[in-house]
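Have a look at the structure below before the remarks.
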Amino acid sequence: MKAKDVQVFPITTNTRVLRSRTWDRLKFEIEYALQHGTTANTYLIQADKIALFDPPGESFSDIFLSALQERIDPKTIDYIILGHVNPNRGVTLKELLKIAPQITFVTSNPGAISLKKILEDQTLNIKVIKTEETLDLGQGHVLEFILTPSPRWPDQLCTYDPKTAILYTDKLFGAHVCGDQVLDEGWNIYREDRRYYFDCLMAPHATQTESALEKLSAKPAQLYATGHGPLVRYGLTELTSSYKEWLKQQKASKSSVAVLYASAYGSTATLASAIARGVTKAGVAVESINCEFAEPDEIKAAVAKAEGFIMGSPTLGGHAPTPVQTALGIVLATADKTKLSAAFGSYGWSGEAIDLLEQKFKDAGYRQGFEPIRVKFKPTDSTLKYCEESGTDFAQILKRQQKKRTLKQPTADSQADRTEQAVGRIVGSLCVVTTQKGELSSAMLASWVSQATFNPPGLTISVAKERAIESIMHAGDSFVLNILPDEKPQLQKQFTKNYKPGEDRFEGIETEEAENGCPLLKDSLAYLECRVNNRMECGDHWVVYAVAERGQVLDDEGVTAVHHRKSGSFY
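Dropping the structure here:
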């Protein structure tokens with residue numbers, strides 16, 4: 001199997017897909033964290049006019065252009081339709097322009113602005129799409145364009161072809177997986193990948209995603225031609241319904257956070273996404289706003305309704321860019337002093353913009369939800385994990401405030417109270433789950449553990465959505481279940497405390513590396529090396545089913561530690 005290749009497949013009349021594939025991870029972004037590979041899907045419609053959708057980024061440039069030239073003369077291409085524009089795609093577009101300078105780019109107005117910056121040394125033909133515009137390629141292919149902007153992709157453009165009932169969805173409905181399967185036969189197997197992709201990319205922009213779905217619902221599509229992963233045909237109805245349900249869950253939150261940012265080269269936007277991912281994991285809604293494209297009233301409204309705000313900025317010439325400074329002025333004039341604040345950003349040589357945000361918030365009297373996050377150049381896996389945990393901590397502070405307000409309200413004894421007390425009598429053994437994935441490691445104390453199957457030997461663990469370890473316990477991931485002895489409470493104490501983002505969970509604890517590469521606690525009563533087989537979303541937790549691949553009892557005389565509770569509403 002090649003590390004990279006291009007798979008070409010005819011979809012329907014005059015239409016084919018060129019899937020640039022890699023089984024490796026492409027870049028430091030949270031939506032790639034599952035490491036199931038990815039595809040960059042490019043589409044080609046060959047009618048009287050020829051249109052090419054979304055050529056891939058620099059990672060695939062050479063192999064894509066070779067595959068394209070084997071099937072068509074690029075000089076015959078009339079249009080390149082761009083669902084969104086990013087600098088990574090610029091290399092491929094420049095190479096195409098060398099061969100075919102006659103090409104007309106079709107994009108939104110923000111996309112046109114970005115394209116001119118990326119290809120500033122090129123002569124460009126650009127068709128800027130406005131609301132409800134069409135493009136006739138002939139032979140019945142009259143393309144209809146739908147503007148679906150979001151903070152992360154203010155230029156996002158979806159396209160519908162009534163001739164084939166194909167909806168080209170760009171970032172919507174995608175998944176980062178790689179394989180030979182072009183369409184989503186057996187679509188259930190992609191459920192976890194699609195949900196993770198949604199949580200990372202769509203949940204922080206719930207309002208805009210909901211608006212996009214409403215616009216797209218007017219187009220009777222039979223196939224979603226996604227930007228990444230298998231094309232959606234068989235699970236189209238179910239996936240659309242799932243998106244609506246997931247959005248409903250996001251909007252049901254009683255608390256919200258405004259994440260405001262600008263990004264010069266993409267790094268600050270990536271940090272913003274990781275922080276927003278951490279906030280949404282904790283069950284708090286996010287209103288994510290790219291200050292470069294937002295109106296002042298939009299920023300003001302988001303900050304006014306949010307319980308907290310987090311601002312991010314790159315440093316350009318020792319300063320914050322103008323959109324950030326404008327947004328900062330709005331925030332300081334709008335947000336009352338009870339709101340929680342935080343600052344973050346990336347920089348090349350200095351980080352004055354982050355210092356500016358931090359100092360302004362302190363001078364104004366806002367409480368700090370987490371220490372300022374300063375990242376030099378591109379973020380690493382560890383940095384993004386730190387950002388995610390910081391976002392979760394920020395959200396949990398807000399949730400505790402909400403809970404305090406609720407507890408002050410008088411309540412009467414109810415059946416729900418009695419049920420909670422009864423649920424609390426369920427006893428569970430105390431264990432520590434430990435994981436290691438690349439440069440990331442984590443651990444958590446678990447008492448909701450149960451054997452689930454004899455053959456294979458399997459068990460279930462319930463993991464709260466906001467736990468840091470949750471994001472590295474997906475199907476295929478490994479972990480060690482360390483079963484704790486009753487007579488060593490220091491182990492329980494070590495893993496009961498609240499950890500700061502990035503804090504070493506194993507400081508002062510004797511460990512060794514298990515065969516599956518995860519930390520093993522040497523003072524455990526017994527341990528099991530496990531691999532996640534599946535997981536199911538259950539309310540505010542994920543129930544993880546794992547198969548025990550090997551294990552050992554370390555103390556034949558010891559007794560398992562158990563956890564007794566009196567309430568089913570907390571641990």
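Just so you know, we're using the UniProt record's numbering here: the sequence shown kicks off at 1 and counts up by one.
Glycine included, C-beta positions come from ideal geometry on N, C-alpha and C.
As the structure is a prediction and not an experimental result, all values here were calculated from the model.
- Take the alpha-carbon of H141 and the one of T22: they are about 31 Å apart.
- Going by C-alpha positions, K522 is about 11 Å away from I483.
- Fully contained in the region 221–256 are the following alpha helix (DSSP H) runs of length 4 or more, in chain order: 236–251.
- Closest by C-alpha distance to A203, out of D363, S288 and I426, is S288.
- Nearest C-alpha to K49 among V85, Q139 and V8: Q139.
- Straight-line spacing of the CA atoms in S441 and F506 works out to 10 Å.
- Cβ-Cβ distances below 6 Å link E466 to K281, A282 and T392 in the same chain, with the five nearest sequence neighbours on each side left out; the list follows chain order.
- Taking the Cα of P372 as reference, the smallest distance to any Cα among S429, Y527, M311 and K385 is reached at M311.
- The beta-carbon distance between F293 and P154, rounded to whole angstroms, is 4 Å. This is short enough to meet the 8 Å contact definition.
- The alpha-carbon of I45 is positioned some 32 Å away from that of F28.
- Distance from the CA atom of L18 to the CA atom of H36, rounded to whole angstroms, is 19 Å.
- At the C-beta level, I469 and V433 come within 8 Å of one another.
- Close CB contacts of S267 within its chain, under the 8 Å cut and outside five residues either way in sequence, are with P314, S346, V375, F377, K378 and P379 (chain order).
- Around the beta carbon of V303, a 10 Å sphere encloses 16 or more other beta carbons of the protein chains shown; the residue is thus reported as buried.
- Going by DSSP, Y32 is part of no alpha helix (DSSP H) at all; its letter is neither H nor E.
- For the set I11, I189 and K4, the Cα lying nearest the Cα of D24 is the one of K4.
- Distance from the CA atom of G551 to the CA atom of Q222, rounded to whole angstroms, is 49 Å.
- By the CB criterion at 8 Å, A40 and H176 fall outside the cutoff.
- Per DSSP, I354 is one residue of the alpha helix (DSSP H) stretching across E352 to A364.
- Three or more Cβ pairs drawn from the region 144–162 and the region 69–89 lie within less than 8 Å of each other, which places the two stretches in contact.
- An exposed status is given to F454, since fewer than 16 other beta-carbon atoms sit within 10 Å of its beta-carbon.
- For the options K244, G235 and L231, the alpha carbon positioned closest to that of A212 is the one of K244.
- For C538, the three-state secondary structure derived from DSSP is strand.
- Looking at the backbone, the Cα of K566 and that of V423 are separated by about 8 Å.
- G476 sits close to V532, with the two beta carbons spaced by under 8 Å.
- Here M444 is bridged, per DSSP, to V433.
- Counting C-beta atoms within 10 angstroms of its own C-beta, E529 has 16 or more neighbours from the protein chains shown and is therefore classed as buried.
- Collapsing the DSSP output to three states places H205 in a helix.
- With respect to the 8 Å criterion, A206 and A285 are classified as neighbours on the basis of their beta carbons.
- The closest CA to that of S429, considering only T326, E58 and L445, is found on L445.
- Look at S341 here: in three-state DSSP terms it is strand.
- Around the beta-carbon of I426, fewer than 16 other beta-carbon atoms lie within 10 Å, marking it exposed.
- In the DSSP annotation of this structure, D161 is not part of any alpha helix (DSSP H); the continuous beta strand (DSSP E) holding it starts and ends at L157 to D161.
- The Cβ-Cβ distance between Q494 and I509 falls below 8 Å.
- The Cβ neighbour count for S241, taken over all protein chains shown within 10 Å, is under 16; the residue is labelled exposed.
- In this structure the region 90–100 touches the region 53–68; the number of beta carbon pairs closer than 8 Å is three or more.
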